[in-house]
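For the sequence shown, this note's numbering assigns the number 184 to the initial residue and increments by one for each residue that follows.
A short worksheet on the structure shown next.
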Amino acid sequence: MIELIEILIKNGLIIDGTGCASYEADIAISEGRIVDIGKKLSYKAGEVIDASGLVVSPGFIDVHSHNDLVPFMGQPIENLKLLQGVTTELVGQCGLGVIPCIETERKVWKNYISGVVGNPGIRWEFSDLNKYFNEINSRGLKNNFAALISHGAVRTYVMGFENRIPGKDELSDMCRIVDAAMEAGAFGMSLGLQYMPAIFSSRDELVEMCKVVKKYEGIVMVHLRNHDSSIVDALDEIIAIAEGSKVKLHISHMRSYNSRELGCSAEVLIECVEKAVEKGINITFDEHLYLSGSTLMTQLLPPWITAKGSDDLIARLKDKEMLEKVKMELSNTKTRYRGWDNYSAINGWSGILITSVKIEKNRIYIGKTVGSIAKDMGMHPVDFAANLLIEEQTGVGIVTLNVFSEEDTIKLIKHPLQMVGSDSIPAGVQHPRLYGNYPLLLGKYVRGKKAISLEEAIKKCTLLPAKTLGIRDIGELSTGKTADITVFDFNEITGFEDYNHSTLPPVGIKHVILNGKIAVKDGKACLGSYGRVVRY
Ligand SMILES: [Zn+2]
Ligand SMILES: [Zn+2]
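Shown next as C-alpha cells:
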C-alpha cells in the first residue's frame with residue numbers, strides 16, 4: 184500500500200543548507216516535517232509540487248530584521264519576507280527593539296524607534312517578551328519570528344535617555360530584565376552603540392549585561408559605535424567586551440564606507456575578525472547586499488545640533504551663525520564625533536538622495552540629490568537642507584548612494600564567518616532591502632558575479648545562521664527537520680537595487696513551504712498564516 188503524505192516536491196535540485204554539493208531528489212512532507220528525501224519517491228500526496236529545473240533549499244533565515252511590528256501592519260507588508268524566500272526572521276536588532284516598552288512610561292522610546300520599526304497605529308505595550316510573543320502570535324504570523332532583547336530598550340526603561348553610567352541598583356535591574364527575556368526564549372541581546380541611549384554606555388555596564396546572555400549561551404549582536412575609519416576602534420571595543428564576558432559575538436551589518444579617507448577596507452575588517460578568532464572569541468558577522476544605505480536627513484548633521492530633539496533643532500537651524508559652524512564642520516573631513524559618521528563628507532552632497540518628505544510642494548525633490556538641487560538653486564547644500572528640515576519638521580528620508588563598494592561587499596561575502604541579514608526597515612519610504620535582499624544575493628552576486636557557489640550562498644542564508652543562533656530544527660533539508668522550504672528558479676532569480684522604485688518585488692521565488700504548509704505558490708502568497716514564534 185502507498186503511504187499517504189501531505190506534500191511531495193518532485194524532481195528538484197536539492198541544496199540542503201550544509202554547503203555540500205547539490206543533487207536531484209524528491210522531498211516528502213507530513214505533519215509539518217520532512218519525512219523522506221530520495222529519488223523517485225512513491226507516496227500518494229495531497230499536493231504535488233513539480234520542481235523540475237528549480238532549486239529546493241531550506242527556507243532562508245534573516246538574522247537581522249527590524250520587522251518587530253510588522254505582524255500589526257497588515258498587508259501587503261506582512262508578506263514581503265515570505266515573497267523573498269525568508270521563513271524565519273530575528274527581530275529586536277541594533278538595540279532598537281520594542282521590549283520592554285510601556286506607552287505611559289516610555290513614550291520617548293516609542294518616538295525614537297518608530298523611524299526604524301515603524302508605527303502600526305495601534306497601542307502597543309510589551310512589558311516583557313512573553314507579552315510580545317503572545318500578541319504577535321494572536322495576530323497570525325506570515326513567517327516565523329525569533330527575537331533578541333535590546334539593550335537600548337532596557338536602558339531606556341530603567342533610566343531614560345540619561346547621559347551617565349547606571350547606579351548599582353539600576354544595573355542590576357537591567358540585568359534582571361535581560362535574564363527574564365533569556366528565560367522566556369530570547370536568542371540573546373542586541374546593542375546599538377551608535378544610537379541613544381547606548382552611546383552613553385560604558386564597557387563595565389556592557390560586560391555585566393553580556394554576562395547574563397553568556398549564562399544562557401546566547402548571542403550578542405552589535406551595531407558598532409562607528410562605521411567610518413574609526414570602525415577598527417569600534418571593533419576593538421566590542422571584542423574586548425566579548426573577552427570580558429566570554430559571550431558569543433556577532434557584528435551586525437559589518438561594512439565600512441567606500442571612501443579612502445573616511446572608510447575602511449574589507450581586508451582590515453576581516454583582519455580584526457580573524458584576530459578575534461585567534462584570541463578564542465566566538466565571532467560571526469552579517470551583511471545586506473545593497474551598495475546604498477538609508478537613514479534620516481538629520482543624521483547628516485553633527486550630533487551637538489540634533490541632541491535635544493526636533494523642536495530645538497528647528498530653532499537652531501534658523502540661527503545663521505550656527506549654520507556657518509555646521510558648514511565648516513561638515514566640509515572638514517577631520518571632524519569626528521563618537522557615534523556619528525560624516526555622511527556628506529564621506530559621500531559628497533551628490534551622493535545624498537532625497538527619498539521621503541511629507542509636504543506636497545517638496546515632493547519635487549524626491550529622487551534628486553541634495554548636490555544637484557542646491558546647484559540648480561544656487562544655494563549652499565547645508566542651507567537647502569536646513570530649509571527643507573525646517574519645513575518638514577525634521578522628518579526627511581535620504582539614501583546615501585553607493586556608500587559601500589561592490590568590491591568590498593564581495594570580499595566580505597566570501598568570508599566563511601559571514602552570513603546574510605536584510606536589515607529590513609518597514610518605516611517611511613522603504614529601502615529595497617525590505618523587498619529583495621535574498622534574491623539580490625542569488626541573482627547578482629552568485630549567478631552574475633560568481634562571488635561564491637550557490638551551495639555556499641544557501642548555507643549563509645540557512646544552516647550557518649541556524650547553528651550560530653542555536654535553532655536546531657530548521658536551516659537544513661534532512662529527514663525529521665521542520666519543513667521550511669524555498670523553491671526558486673536560479674536562472675531568473677533577482678532583487679532590484681532601484682532607489683526610486685524601492686518596492687519592486689523580486690523575481691524567481693516560486694514556492695515557499697512554512698511549517699509544512701504551502702505559504703507561497705507560483706510566486707503568490709497564500710491566505711493562511713502558518714508562522715510560529717521560535718524560542719531559544
Ligand atoms: Zn544597525
Ligand atoms: Zn539594523
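Heads up, the beta-carbon is just placed ideally off N, CA and C, and yes, glycines get one too.
Quick one, are the C-beta atoms of residue i and residue j less than 9 Å apart?
i	j	result
ARG616	LEU472	yes
ILE360	GLY275	no
ALA363	LEU279	no
PHE468	ILE434	yes
ASP245	VAL603	yes
VAL612	GLU575	no
LYS642	THR201	yes
GLY706	LEU266	yes
GLU535	SER442	What sits at residue 535 in the sequence shown is Ile, not Glu. No, these two residues do not count as a Cβ contact at 9 Å.
GLY522	PRO486	yes
LEU418	ALA369	no
CYS284	PHE309	yes
SER527	LEU506	no
Would you check whether ligand 1 has a heavy atom nearer than 8 Å to the C-beta of residue i?
i	result
GLN134	This structure cannot settle anything about residue 134, because the visible part of the chain is limited to 184 through 719.
GLN267	no
GLN482	no
SER435	yes
GLY275	no
GLY626	no
GLY375	yes
HIS406	yes
Suppose you measure from the CA of residue i to the CA of residue j; what does that come to, to the nearest Å?
i	j	result
TYR268	ARG499	Before going further, note that residue 268 is Gly rather than Tyr in the sequence given. For GLY268 and ARG499, the distance between alpha carbons rounds to 46 Å.
ASP559	SER428	54 Å
ILE542	PRO303	21 Å
VAL579	LEU571	8 Å
ASN327	ALA569	42 Å
TYR628	VAL341	44 Å
HIS694	THR669	6 Å
TYR226	GLY691	28 Å
GLY653	ALA634	27 Å
PHE255	VAL300	11 Å
GLU207	ARG630	19 Å
LYS503	ASN525	21 Å
HIS247	LEU273	6 Å
VAL218	ALA211	6 Å
SER636	VAL238	13 Å
SER588	LEU595	11 Å
PHE731	LYS597	Outside the shown range of the chain, which is 184 to 719, sits residue 731, and nothing can be said about it.
ILE537	SER661	47 Å
ASP311	SER685	34 Å
GLY699	ASN620	24 Å
GLU388	GLU353	10 Å
GLU261	SER475	24 Å
GLU263	SER533	A small fix is needed here, since residue 263 is Leu in this sequence, not Glu. Between LEU263 and SER533, the C-alpha separation is close to 31 Å.
LEU324	LEU647	24 Å
GLU450	GLU420	19 Å
MET379	ILE348	13 Å
ASP697	THR270	Strictly speaking, residue 697 in this sequence is Leu, with Asp absent from that position. Looking at the two C-alpha atoms, the distance is approximately 6 Å.
GLU444	ASP411	9 Å
Contact criterion: CB-CB distance below 9 Å. Does residue i meet it with respect to chain C?
i	result
THR270	Among the chains of the structure shown, chain C does not appear; only one protein chain is present.
Less than 8 Å between the CB of residue i and some heavy atom of ligand 2, yes or no?
i	result
VAL299	yes
LEU312	no
SER333	no
HIS614	no
LEU279	yes
HIS410	no
MET606	Before going further, note that residue 606 is Asp rather than Met in the sequence given. Within the cutoff, so yes.
HIS249	yes
What whole-angstrom Cβ distance do residue i and residue j have, given they're in contact under 8 Å?
i	j	result
GLU470	ARG438	6 Å
GLY371	VAL405	About 10 Å; that fails the 8 Å criterion.
LEU623	GLY678	3 Å
GLY658	PRO241	5 Å
GLY298	ALA666	The Cβ separation is near 37 Å, so there is no contact.
VAL456	ILE424	With 8 Å as the limit, VAL456 and ILE424 do not qualify as a contact, their Cβ atoms being about 15 Å apart.
ILE573	HIS249	Their Cβ separation, rounded to whole angstroms, is 28 Å, which puts ILE573 and HIS249 out of contact at 8 Å.
MET365	GLY401	6 Å
ASP209	ILE192	6 Å
THR339	TRP307	Incorrect: roughly 15 Å between the Cβ atoms, too far for contact.
LEU374	VAL415	No, LEU374 and VAL415 are not in contact; Cβ-Cβ is about 18 Å, not under 8 Å.
ILE547	GLU230	Between GLU230 and ILE547 the Cβ distance is about 51 Å, and since that is not below 8 Å, they are no contact.
Entirely within the stretch 428 to 485 and at least 4 residues each: give me those alpha helix (DSSP H) ranges in chain order. Counting only runs of 4 or more, we get 449 to 461.
Which runs of the alpha helix (DSSP H) spanning at least 4 residues fall entirely within the stretch 235 to 321, listed in chain order? If one requires a minimum length of 4 residues, the alpha helix (DSSP H) runs lying completely within the stretch 235 to 321 are 290 to 300, in chain order.
For the stretch 596 to 662, which segments carrying the alpha helix (DSSP H) assignment without a break, of at least 4 residues, lie completely within its bounds, in sequence order? The alpha helix (DSSP H) runs of length 4 or more contained entirely in the stretch 596 to 662 are, from start to end of the chain, 616 to 623, 637 to 644 and 646 to 652.
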